[in-house]
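Peer 1:
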Amino acid sequence: MKFRYRNVKDEGTSHQLFVYLNYLGLKIIFGSFYLQPSYNPLESLCELTSLITNSLKESILCCSSFERENEKLKSLADMSVKKAISSRLNSCFYILVCRCPTYALSEVDKTSDKSSLQEDLDDLIPSKNRRKSKPVIGRRN
């Protein structure tokens, strides 16, 4: 693994360097950087290193934000697929109930379902006149 660079422009006041890395046949580009000419090569290397690390940090932040957005999109896609499948199953079940009289509810079942549904709704609505329900203690077998 060896860092490589190419001098793109050599102006009198600055050098433009294109820094990249070849790794397993992949060319990883770190960016194009401008360096001021210096008499101290160590100073130029330190400046180049700090520019590359800043570029890497920005790239990592972008990747993590892309990953978060990707996860959000995956969850939205999953939810929409579940809703689509659910609506298809509901429509298939409705067609099945309409076509097969054995699955259809009798009038007694329909009224009992309506009354139990109303009781469930009444349980959900808080009432000021109701006493607080006490927990039911069951026996263990």
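The numbering of the sequence shown is UniProt numbering, which starts it at 1 and goes up by one.
All C-beta atoms, glycine included, are put in the ideal place defined by N, C-alpha and C.
Are three or more beta carbon pairs between the region 71-88 and the region 43-53 nearer than 8 Å?
Peer 2: No, the region 71-88 is not in contact with the region 43-53.
Peer 1: With a CB to CB cut of under 8 Å and the five nearest residues on each side skipped, what residues in its chain are close to C92?
Peer 2: Walking along the sequence shown from the start, residue 92 turns up at place 92. Taken in chain order, the list of residues that qualify is empty.
Peer 1: Quick check on the burial criterion: 16 or more other C-beta atoms within 10 angstroms. Buried or exposed for L17?
Peer 2: Within the sequence shown, the letter at position 17 stands for residue 17. By the 10 Å Cβ count, L17 comes out buried.
Peer 1: Return helix, strand or coil for N22, following the three-state DSSP convention.
Peer 2: For the purposes of this step, residue 22 is identified with residue 22 of the sequence shown, where counting begins at 1. DSSP places N22 in strand when its eight states are reduced to three.
Peer 1: Can you give the beta carbon distance from V19 to I52, rounded, assuming they're within the 8 Å contact cut?
Peer 2: Position 19 of the sequence shown, counted from the first residue, corresponds to residue 19. Position 52 of the sequence shown, counted from the first residue, corresponds to residue 52. Their Cβ separation, rounded to whole angstroms, is 6 Å, which keeps V19 and I52 in contact under 8 Å.
Peer 1: How many Å lie between Y94 and S86 at the Cα?
Peer 2: As a first step, residue 94 is located in the sequence shown; it is residue number 94 there, counting from the start. As a first step, residue 86 is located in the sequence shown; it is residue number 86 there, counting from the start. Approximately 12 Å between the Cα atoms of the pair.
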